[in-house]
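Residues 56 to 524 (our numbering) are what the first sequence spells out, left to right.
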Amino acid sequence: MAKRPVLTPQSEDFPRWYQDVINKAELADNGPVRGTMVIRPYGYGLWERMQSEMDDRIKACGAENAYFPLFIPESYLTKEAEHVEGFSPELAVVTHAGGKDLEERVVVRPTSETVIGEFMAKWTQSYRDLPLLLNQWANVVRWELRPRTFLRTTEFLWQEGHTAHATREDANVYARRILHEAYADFMVNVLAMPLHLGIKPSYDRFAGAINTMACEAMMRDGKALQMGTSHELGQNFANAFDITYQSVEGVQETVWTTSWGTSTRMIGGLIMCHGDDKGLRVPPALAHIQAAVLLIRDEDGAGEVASKLHDELVEAGVRSRLDAQVDTPFGRRATDWELKGVPVRVEIGPRDVAENKVTIVRRDTGEKQPVGIDIAAATIRGLMEEIQITLHDEALAFRDANTAEASTVAEALEAAKTGFATVPWSVVADAEKELAADAVTVRCIQRADGTVPDDEDEDDLVAICARAY
RNA sequence: CGGGGAGUGGCGCAGCCCGGUAGCGCACCUGCUUUGGGAGCAGGGGGUCGCAGGUUCGAAUCCUGUCUCCCCGACCA
Numbered sequence: 056m057a058k059r060p061v062l063t064p065q066s067e068d069f070p071r072w073y074q075d076v077i078n079k080a081e082l083a084d085n086g087p088v089r090g091t092m093v094i095r096p097y098g099y100g101l102w103e104r105m106q107s108e109m110d111d112r113i114k115a116c117g118a119e120n121a122y123f124p125l126f127i128p129e130s131y132l133t134k135e136a137e138h139v140e141g142f143s144p145e146l147a148v149v150t151h152a153g154g155k156d157l158e159e160r161v162v163v164r165p166t167s168e169t170v171i172g173e174f175m176a177k178w179t180q181s182y183r184d185l186p187l188l189l190n191q192w193a194n195v196v197r198w199e200l201r202p203r204t205f206l207r208t209t210e211f212l213w214q215e216g217h218t219a220h221a222t223r224e225d226a227n228v229y230a231r232r233i234l235h236e237a238y239a240d241f242m243v244n245v246l247a248m249p250l251h252l253g254i255k256p257s258y259d260r261f262a263g264a265i266n267t268m269a270c271e272a273m274m275r276d277g278k279a280l281q282m283g284t285s286h287e288l289g290q291n292f293a294n295a296f297d298i299t300y301q302s303v304e305g306v307q308e309t310v311w312t313t314s315w316g317t318s319t320r321m322i323g324g325l326i327m328c329h330g331d332d333k334g335l336r337v338p339p340a341l342a343h344i345q346a347a348v349l350l351i352r353d354e355d356g357a358g359e360v361a362s363k364l365h366d367e368l369v370e371a372g373v374r375s376r377l378d379a380q381v382d383t384p385f386g387r388r389a390t391d392w393e394l395k396g397v398p399v400r401v402e403i404g405p406r407d408v409a410e411n412k413v414t415i416v417r418r419d420t421g422e423k424q425p426v427g428i429d430i431a432a433a434t435i436r437g438l439m440e441e442i443q444i445t446l447h448d449e450a451l452a453f454r455d456a457n458t459a460e461a462s463t464v465a466e467a468l469e470a471a472k473t474g475f476a477t478v479p480w481s482v483v484a485d486a487e488k489e490l491a492a493d494a495v496t497v498r499c500i501q502r503a504d505g506t507v508p509d510d511e512d513e514d515d516l517v518a519i520c521a522r523a524y
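Below, the structure written as structure tokens:
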């Protein structure tokens, strides 16, 4: 029974496809206040896995979790000139509370450099207190004009790390460490997303930073998405908040700080990097449901077989979900699991049981294969690794196929119509406006070998140019 | 802020021009039959048409005001 497609095909209208996936895979709804979102259980499940994997890596880098207040005195924001200038337009400010106008207005944090800076100043007395490595999981608010679910919402969830170091060198090393060991490692190995790591052009740095490094990924429409950033803040915030310490020599010194963040935007990136016309495709390493055991009809002992396989999978360390809702037709359930992007679906019905097998369906390739019941759990476990690699390699091949080398601004603009352009940084360093006229930006600057440069003045740097979300 | 569009059951829409107190698809509920690719049939529940006022015997429909949302631009990540 050929019906109309479940989702608007990507090739027809990519933004609409994106919204369709979010709705049909039950990831999120729009909130009542413009630009806010309600993250539904399936979407939140993805976020929880992201949090868990990221948290492990952040802690492995030595940072500890803490929590700072949602409300910040407005005066804090104004202490760092560039910072306040960068964030003022999108601040939500509380002017009235407790039934009266507030003496001192309070902002809802758009990011926490300022409050955390204030407390770092308190906690940093001696060189022995450094480095101070903090992270917090929180919500932040930025009043966005053009909201888009997960990609740019008025309120979003994120992790923000804030650290203070004795030297610029130490801060630099740590900001890079987070970029590589926490962010890139997670995004590449868990999200299966190939990345470009690099520095932002100086004109595009975080408000108040002396260097911004970013992870950039390609979406399936050829546009770029910034998946995370790690900033060196120099001594800008340290000076503004008087974060000082006494050195071994007994001299009062000012610290060097960093900050770094990743948000629920990564969910949007995941959708647009791996999703296809059937829905989401969740990499097994991330998936909170890795296998759906779908009982087709509970006849001839199929129910027992399904239930037993589910148990075996759980025992084998596979995050399995038993779908025994046999009053819902098979086709509906198969489609729903595909929309949700569960890596492997196992179909079990009387026909399979009669042959002592089950049918395994891969979400990445759509391939169906009959497998003996006795080896099913082991096979599925093995598929987890395989699908993880396939998704990553497919995304990498897509990115390569949609990346062109350019040697002039015009060529870069042409290439950026459909994907990424790599162009010598020297060619586009002064072409910000020219690129912007076509909605193209320098996403990041790399060395020729793809590594992250120290600054944009090195020789032979390459700029990745693209349209972006 | 400039230009355009729209507010009608949960969602998507028709009805408005030519006033007569709401209709369709999906979703939902019940029953039966189904179940290996978004099930079929039958029966049912749910809205008073963004809000306020006006015209009229009578307003979703006409008039006035107002609010909100969406799209394009601008602005901004």
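Glycine included, each C-beta is placed from N, C-alpha and C at the ideal position.
Closest by C-alpha distance to residue i, when choosing among the options
i: R167; options: K134, P508, C499, P398; result: A quick correction: the sequence has Ser, not Arg, at residue 167. The candidate whose alpha carbon is nearest that of S167 is K134.
i: D391; options: A347, I171, E449; result: A347
i: L62; options: L335, A361, A295, D455; result: L335
i: M282; options: F453, M327, T222; result: M327
i: G404; options: N244, A452, E359, E129; result: E359
i: V303; options: Q501, D184, A465, A431; result: D184
i: P338; options: I500, A450, P87, T208; result: A450
i: L377; options: L350, A476, T299; result: L350
i: M175; options: R164, D485, Y122, P144; result: Y122
i: Q290; options: Y238, A340, T218, G253; result: T218
i: A361; options: G474, Q424, I428, A340; result: I428
i: Q380; options: A389, R374, V373, G372; result: A389
i: A465; options: R95, R231, N190, A486; result: A486
i: R400; options: I442, D382, N411; result: I442
i: T506; options: I94, Y258, V245, H251; result: H251
i: T383; options: D353, T496, T309; result: D353
i: E224; options: P144, T179, N266, R207; result: N266
i: A193; options: H447, M439, T317; result: T317
i: A226; options: E67, P256, S314, G153; result: S314
Beta-carbon proximity check, residue i vs residue j, cutoff 8 Å
i: V162; j: L146; result: yes
i: V196; j: E210; result: yes
i: R417; j: M273; result: no
i: I415; j: T445; result: no
i: L516; j: L490; result: no
i: L234; j: T319; result: no
i: E129; j: E159; result: yes
i: D355; j: A431; result: no
i: M109; j: A247; result: no
i: M92; j: T204; result: yes
i: F292; j: G172; result: yes
i: W480; j: E460; result: no
i: P186; j: H220; result: yes
i: R104; j: L341; result: yes
i: R436; j: V373; result: yes
For residue i, the residue or residues it bridges with in DSSP
i: I127; result: V162
i: E271; result: H251, Q281
i: K412; result: G427
i: S181; result: Q301
i: E119; result: L189
i: E287; result: N266, T313
i: A471; result: According to DSSP, A471 bridges with nothing at all.
i: G216; result: N190, W315
i: N244; result: In DSSP, N244 forms no bridge with anything.
i: K155; result: A152
i: P479; result: V517
i: A83; result: I94
Rounded C-alpha distance that separates residue i from residue j
i: M268; j: G323; result: 20 Å
i: D84; j: A523; result: 23 Å
i: C270; j: H286; result: 12 Å
i: L157; j: T150; result: 5 Å
i: A452; j: P249; result: 9 Å
i: A521; j: C499; result: 10 Å
i: H365; j: I519; result: 46 Å
i: P508; j: L368; result: 45 Å
i: W311; j: L125; result: 24 Å
i: N411; j: F385; result: 20 Å
i: A492; j: E513; result: 27 Å
i: Y99; j: M242; result: 18 Å
i: L394; j: W72; result: 12 Å
i: K79; j: A230; result: 38 Å
i: T477; j: V497; result: 10 Å
Q.
Just to confirm the assignment: which complete alpha helix (DSSP H) runs, minimum length 4, are found wholly within the region 370-400?
A. 385-395
Q. If you scan the region 421-461 from start to end, which runs of the beta strand (DSSP E) of 3 or more residues do you find wholly inside it?
A. 423-427, 458-460
**Q.** Length at least 3, wholly inside the region 309-351: the beta strand (DSSP E) runs in chain order
**A.** 311-318, 346-350
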